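Below is one structure, written out as structure tokens, with a few remarks after it.
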Amino acid sequence: MHTIQISIYVLVLLIGLALIFDFMNGFHDAANAIATVVSTGVLKPQTAVAMAALFNFVAIFVVGLHVAGTVGKGTIDPGIVDQYVIFGALVGAIAWNLFTWYYGIPSSSSHALIGGLVGAAVAKSGTGALVGGGLWKTVQWIIISPLMGFVFGSIIMLIVSWIFVRSTPRRVDKWFRRLQLVSAASYSLGHGGNDAQKTIGIIWMLLIAVGQVPAGGAEPPLWVIVSCYGAISFGTLFGGWRIVKTMGQKITKLKPVGGFCAESGGAITLLVASHFGVPVSTTHTITGAIVGVGSAQKMSAVRWGVAGNIVWAWIFTIPASAFVAALAWWVGHHIM
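Residue numbers (the working numbering): 23 to 358.
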């Protein structure tokens, strides 16, 4: 593979941009992990954010690096990667994240990054630069992850309803206010484990391109892993409060028992996807789980109009971030 030559300043700029994206990923997607536990009143926002940030980082010791390998080597041809492709991909992803955060739209940071890579790669080398297998797996899970969240969330809700059918609402609320702490922590673990690795994959791809690490290396450098997990955890500390409201209350009204079921269903989906190296959307996953919990109670409990608007954001994420990334790739040639 051809090694590109860039200055140390450009290398630092690109790694810095990647960590900014990672920070924004935590900032943008913090709502996914804490919206239910905050909206049900189990935890105060500040406490929930701190807990989510902690378990985002703890995932470094629990989840493998399969997702980083998919992003770093399984989306676009590593041979066409240069400073302009990385710059374009990151700018495209960051721009879409800012747009959707400002308008409180729970879109996918993961798919914004995938879209950014696709747009920059196609701008440079055409569609032949895309790795069909890796991208197809990602596209499949755009559908699979919310469906899995929906199925697991609704099944857990039905099981819990059956187990506690003779219990008083007060007793159920008391139990699940405690259990929701476990489910929220598990979801944050899955969030950190899947999302931090996407930025690890980007930096790993860049370091391979400039010859800093061997192309056949089994794992990225330790400093990359720690930096990315640290950045997403730090971003989570700042939260994404505009999106918390949408995720926690606008889709369906949640009680602690419903929050527990949604978070548990989402956590199972994320951990399964991470095991198989699939860069899924935590936003898609938790939205599917919340809808599943709401519909398990009664279909009218779900505000389907809000859920439909969220789906439209999912559809536009990859093409929109790809378009911006292609423009940024062109701009990068003139400023770097």
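The beta carbon of each residue, even a glycine, is placed where N, CA and C say it ideally should be. Computed from a predicted model, the values in this text were never measured in an experiment.
- With fewer than 16 other CB atoms across the displayed protein chains lying within 10 angstroms of its CB, W334 is exposed.
- Distance from the CA atom of Y125 to the CA atom of I82, rounded to whole angstroms, is 31 Å.
- DSSP, read as helix, strand or coil, puts L87 in coil.
- In this chain, the alpha helix (DSSP H) harbouring G137 covers S131 to S147.
- In this structure, K220 sits near N47, with a CB-CB distance shorter than 9 Å.
- DSSP places I225 in the helix class (H, G or I) of the three-state scheme.
- For the stretch 271–315, the continuous alpha helix (DSSP H) assignments of 4+ residues that do not extend past its boundaries occur at 278–297, in sequence order.
- Counting of Cβ neighbours within 10 angstroms places K159 among the buried residues, the total reaching 16 or more.
- Cβ contact annotation for G252 (same chain, cutoff 8 Å, sequence separation greater than five): F79, in chain order.
- For V107, the CB contacts under 7 Å within the same chain, skipping 5 residues up- and downstream, are A142, A143, K146 and W351 in chain order.
- Counted as a single uninterrupted DSSP element, the alpha helix (DSSP H) harbouring L244 occupies residues L244 to F260.
- 9 Å or more divides the Cβ of A342 from the Cβ of E285.
- If you draw a straight line from the Cα of T339 to the Cα of T304, it comes to about 14 Å.
- Proximity of the stretch 221–240 to the stretch 29–40 meets the contact definition, three or more beta-carbon pairs being nearer than 8 Å.
- As computed with DSSP, L152 is found in a beta bridge with I98.
- The residue among I98, F172, I254 and L65 with its C-alpha nearest the C-alpha of A151 is I98.
- Rounded to whole angstroms, the separation of the alpha carbons of A70 and A344 is 33 Å.
- Residues F174 of the same chain have their beta carbon placed closer than 6 Å to that of I290, with the five preceding and five following residues left out of the count.
- Ranked by Cα distance from S131, the first of L203, V248, V204 and P301 is P301.
- Note that the C-beta distance between D195 and D51 is not below 9 Å.
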